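Novice:
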Ligand code: SF4
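Residue numbers (the working numbering): 2 to 154.
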């Protein structure tokens, strides 16, 4: 039996659709969906997760204009695994760094639609979800911690 995260999910387990989803995808990626919207209610940006996934169509992405879509939305797409600089053997090193470096920003797991298929949750469990709302795909003024976490290495 394989290793399990702290929520009892098998690490590397196949998702219902066969591929785990990256919860920090780029809008250019294939089969990309919007999973949340960046809010600025708190001192730092936070993600408000959508009740249902929205396909990242050109029309929806254009709603962010004149801002970059990555500053307004969070995206998911099938994990590129070996095609991603953050992937190392069977694990997402970005998810590991997020859990090791960033503080929890919520006590309970956010109401997120992709959890059964999320690579970060499959790998790191609840700890990933407690840190996930502070992850913004692109920000013009990232904290030092966010810069450190997003660095490949
Ligand atoms: S880490 Fe948790 S909250 Fe973030 S996208 Fe994955 S399942 Fe959703």
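Don't be surprised by glycine CBs; every beta carbon is placed ideally from N, CA and C. Please read all numbers here as calculations on a predicted model, not as lab measurements.
Could you work out which residue in 35, 114, 131 and 101 is closest to residue 62 when comparing CA atoms only?
Specialist: Against the chain shown, residue 62 aligns to sequence position 61. Selected option, being the one with the closest Cα: 35.
Novice: Hey, how far is the Cα of residue 104 from the Cα of residue 94?
Specialist: Along the chain shown, read from residue 1 onward, the residue named residue 104 stands at position 103. Along the chain shown, read from residue 1 onward, the residue named residue 94 stands at position 93. One C-alpha to the other measures close to 17 Å.
Novice: Closest to residue 20 by CA distance: which of 70, 129 and 79 is it?
Specialist: Working through the chain shown from its first residue, we reach residue 20 at position 19. Taking only the C-alpha atoms, the option nearest residue 20 is 79.
Novice: Tell whether a beta-carbon distance below 7 Å holds between residue 77 and residue 26.
Specialist: Translated into positions along the chain shown, residue 77 becomes position 76. Translated into positions along the chain shown, residue 26 becomes position 25. Result yes, Cβ atoms of residue 77 and residue 26 sit closer than 7 Å.
Novice: In chain order, what residues of the same chain lie with their CB nearer than 8 Å to the CB of residue 53, ignoring the 5 residues before and after it?
Specialist: For this step, residue 53 is matched to residue 52 along the chain shown. The residues are 114.
Novice: One question on the structure: do residue 125 and residue 96 come within less than 7 Å of each other, judged by their Cβ atoms?
Specialist: Along the chain shown, one-based indexing puts residue 125 at 124. Along the chain shown, one-based indexing puts residue 96 at 95. Yes, Cβ-Cβ distance for residue 125 and residue 96 is below 7 Å.
Novice: Run through the DSSP bridge pairs and tell me what residue 55 is partnered with.
Specialist: The residue given as residue 55 occupies position 54 in the chain shown. For residue 55, which the question treats as bridged, DSSP gives the partners 35.
Novice: So, using beta-carbon positions, are residue 139 and residue 71 closer together than 7 Å?
Specialist: The sequence position of residue 139 within the chain shown is 138, counting from 1. The sequence position of residue 71 within the chain shown is 70, counting from 1. Contact flag set, yes.
Novice: Going by C-alpha to C-alpha distance, which of 129, 67, 118 and 40 sits closest to residue 75?
Specialist: Mapped onto the chain shown, residue 75 falls at position 74. Looking at the Cα atoms, 40 is the closest of the given residues.
Novice: What three-state label does DSSP hand residue 24 in the structure shown?
Specialist: For the purposes of this step, residue 24 is identified with residue 23 of the chain shown, where counting begins at 1. The answer is strand: DSSP assigns residue 24 an E or B state.
Novice: Can you tell me whether residue 37 is buried or exposed, with buried defined as 16 or more other CB within 10 angstroms of its CB?
Specialist: To locate residue 37, count along the chain shown from 1; it is residue 36. Flag for residue 37 reads buried.
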